[in-house]
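Colleague: Counted from 1, the sequence shown has number 62 at position 62 by the UniProt record's numbering; the numbering is strictly sequential.
Glycine residues also receive a C-beta, built at the ideal position from the N, C-alpha and C atoms.
Computed from a predicted model, the values in this text were never measured in an experiment.
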Amino acid sequence: MRSYIITLCCLTALLTGCFKDKGNYDYNLPEAPQVVLDSVYNVFVGDSLIVEPEISFLSKDSLSFEWRIGVPDPDIEDVVDSGSTMRVRFGLGAQRYQTKLTITNEVNGMKYFHYFIVSGKTAFSSGTVILSEENGLAQVSFIKPDGTVQPGIYTIVNPEDALPTEPTQLLAVPEARLPGTVRRYWVFGKSGAHTGVEIDANTFRKTRFLADLFFDPPATILPEKMFANPQGVITGVVNGRLQAGTTNTWDQAPTYGMFGLGASGDYELSPELVFNYLGVYGPGNYIGFDKLKKQFVRINLYGDPTFFGPAYTVVGDAFNPLSLGMDLEKVIQINGGLCYAYARSGGVLQELKFNTNFNGPFEFTPMLKRAFLRPELLTATTLWASTPNEVIYFSSGDKVYRYNPSNDDFRVLNTSFNGKAITMLKVLTDNVTLAVGVEGSLYYLNINTGVYGDLLQKIDGLPGKVLDQASRNQ
């Protein structure tokens, strides 16, 4: 009897499972508000921020709104507003903020989220910063987008003069992992009380000195060639060693970007260092030259920089990078690991071409060695620049030459500089504009394909000899 009952229950369950379900499963989702917002809203610090989205909904009276500007600083509260339009006085700093609009349907409790960026601006958010030397002293000036010059803006903002003497380089450093942004500038020099000074990009106020980046600062600090890492730190040759700001912590931590002991090893780096960075989050490497052993060396950026020296395979015999036997004068990076180098042997300037792969399989490929074809054009003050299509520009007194190594073509650029010596030479990021600095002036030249340095713009009124420039558009 018991087995019969069990069998009957199983058959009943089986028949029930086979029964056709005739339920209605056609769901009607509630209407969602349609919102049109821009991805970025720009606002000057101290101005009103007004965001008026287009909202389509049958019954707008049933909707409520919350606007929230997220502030990364835990000591500052988020900016919150209500209503279908955001209207607040923007008093936050000049940077980018993640912002969220939450729309709630009060009838059914449904919530809808929309995200955008609020970008705080100042009068210095767009323009060009100029480093120049006047009577041996550094000057930092600002050129507005309309070409108006604000000479010596750093000295105006900062009552004390803390800039280096014998200035050498201006560096624009981005927000960590936000390519195209500029958070701060660094000014470097050979002498003075401080050979490196950091400047806030939005206010031009001094924020710290290069010595402040060292956990244990050396008695003498000589920055010879510095780079801006896309992770928001600076790297480069300091006192012949490679220093790299740490990125092994939160980018708002006080130790972020600090210098340790540098890449350990038995070497003394030439300032002719090449930084080959492979992406915002990817690895990077350096192509260096050891002045002690007169050899090209490999340094990889695995979080902290690691010196591998000559630990690479040589592919080719145009020259021996492991024992160059010459004094290196200049290295020009064409693209990635493709470079030209100029070294002197027995009074003869040799032109070298090589390519490297220092991210595996760790190869150095010598491609060319020959005497430079026009050594009479070079002087002790010659400056160099290059484009990714393997065209090289160099200064000679008051002239700029275009040199194409592939066909040995040398030609003087069309623009004259009125007899003034060239003090800056820089190919801009568009790779079709050459910036040339002289005493008191900055020139922008067109170097697009088939164009040989026609004048695009000239800016006068700059103090002293123009040495370097950095542009910002956000």
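Hey, how far is the Cα of E351 from the Cα of T255?
Modeller: As a first step, residue 351 is located in the sequence shown; it is residue number 351 there, counting from the start. As a first step, residue 255 is located in the sequence shown; it is residue number 255 there, counting from the start. When rounded, the distance between both Cα atoms is 42 Å.
Colleague: Per DSSP, E106 forms a beta bridge with which residues?
Modeller: In the sequence shown, residue 106 corresponds to position 106, counting from 1. According to DSSP, which records beta bridges pairwise, E106 is partnered with nothing at all.
Colleague: To which residues does DSSP link D75 through a beta bridge?
Modeller: Along the sequence shown, one-based indexing puts residue 75 at 75. Note: D75 sits in no beta bridge, so no partner.
Colleague: Would you check if there are 3 or more beta carbon pairs closer than 8 Å linking the segment 150 to 160 to the segment 65 to 74?
Modeller: The segment 150 to 160, when compared against the segment 65 to 74, does not touch it at the 8 Å Cβ threshold.
Colleague: Taking the alpha-carbon positions, what's the I130 to H194 distance?
Modeller: If you number the sequence shown from 1, residue 130 lands on position 130. If you number the sequence shown from 1, residue 194 lands on position 194. Answer to the nearest angstrom: the Cα atoms are 19 Å apart.
Colleague: Does the separation of the CB atoms of T429 and L455 fall below 8 Å?
Modeller: By one-based count along the sequence shown, residue 429 stands at place 429. By one-based count along the sequence shown, residue 455 stands at place 455. Going by C-beta atoms, T429 is not nearer than 8 Å to L455.
Colleague: Under 6 Å Cβ to Cβ from T356, same chain only, skipping five residues before and after it: list those, please.
Modeller: Here residue 356 refers to the residue found at position 356 of the sequence shown. Around T356: I287, G337 and F364.
Colleague: Please state if the CB of R241 and the CB of A263 are separated by a distance shorter than 8 Å.
Modeller: Taking the sequence shown and counting its residues from 1, the one referred to as residue 263 is at position 263. Taking the sequence shown and counting its residues from 1, the one referred to as residue 241 is at position 241. Cβ distance < 8 Å, so A263 and R241 count as in contact.
Colleague: Just to confirm the assignment, what range does the alpha helix (DSSP H) spanning I50 have?
Modeller: Position 50 of the sequence shown, counted from the first residue, corresponds to residue 50. Counting along the chain, I50 falls outside any alpha helix (DSSP H), though it belongs to the beta strand (DSSP E) covering S48 to V51.
Colleague: As a quick exercise: from V466, S471 and N473, pick the residue whose alpha carbon is nearest that of E166.
Modeller: Numbered from its first residue, the sequence shown carries residue 166 at position 166. Cα-wise, what sits closest to E166 is V466.
Colleague: Does N229 pass the burial test, meaning 16 or more other C-beta atoms within 10 Å, or should it be called exposed?
Modeller: What you label residue 229 is simply residue 229 of the sequence shown in a count that begins at 1. With 16 or more Cβ atoms within 10 Å of its Cβ, N229 is classed as buried.
Colleague: In whole angstroms, what separates the C-alpha of D408 from that of D266?
Modeller: The residue labelled residue 408 in the question sits at position 408 within the sequence shown. The residue labelled residue 266 in the question sits at position 266 within the sequence shown. Those two C-alpha atoms are separated by around 39 Å.
Colleague: Could you tell me if S82 is buried or exposed, where buried requires 16 or more neighbouring beta carbons within 10 angstroms of its beta carbon?
Modeller: For the purposes of this step, residue 82 is taken as residue 82 along the sequence shown, with counting starting at 1. Flag for S82 reads exposed.
Colleague: With distances taken Cα to Cα, identify the nearest neighbour of D75 among L292, Y444 and Q252.
Modeller: Position 75 of the sequence shown, counted from the first residue, corresponds to residue 75. When each option's Cα is compared against that of D75, the closest is Q252.
Colleague: Can you name the residues that DSSP bridges to W186?
Modeller: Sequence index remark: in the sequence shown, residue 186 carries index 186 (1-based). Paired residue(s): L171 and E198.
Colleague: Which whole runs of the beta strand (DSSP E) in the segment 94 to 145 are 3 residues long or more, in chain order?
Modeller: Runs of the beta strand (DSSP E) inside the segment 94 to 145: 96 to 105, 111 to 121, 127 to 134 and 137 to 143.
Colleague: Once the 5 residues before and after S48 are set aside, which same chain residues still bring their CB inside 8 Å of it?
Modeller: Residue mapping note: residue 48 aligns to position 48 of the sequence shown, counting from 1. The residues are R87, V88, R89 and F90.
Colleague: Just tell me which of T379, C339, V314 and N320 has its CA closest to the CA of P361.
Modeller: For the purposes of this step, residue 361 is taken as the residue at position 361 of the sequence shown. Here the closest residue by C-alpha is V314.
Colleague: Beta strand (DSSP E) containing I392: first to last residue?
Modeller: Walking along the sequence shown from the start, residue 392 turns up at place 392. I392 -> beta strand (DSSP E) spans I392 to S396.
Colleague: Check whether the segment 109 to 120 touches the segment 35 to 45, counting contact only when three or more Cβ pairs, one atom from each stretch, lie closer than 8 Å.
Modeller: The segment 109 to 120, when compared against the segment 35 to 45, does touch it at the 8 Å Cβ threshold.
Colleague: Comparing alpha-carbon positions, which option in V43, Q34 and K293 lies nearest K60?
Modeller: Your numbering for residue 60 matches position 60 in the sequence shown. The option with the nearest alpha carbon to K60 is Q34.
Colleague: In chain order, what residues of the same chain have a beta carbon less than 6 Å from the beta carbon of T382, not counting five sequence neighbours either side?
Modeller: Taking the first residue of the sequence shown as position 1, residue 382 is located at position 382. Only F394 and S395 meet the Cβ criterion.
Colleague: Going by DSSP, what residues sit across from V315 in a beta bridge?
Modeller: As a first step, residue 315 must be located in the sequence shown, where it is residue number 315. DSSP output for V315 lists no bridge partner at all.
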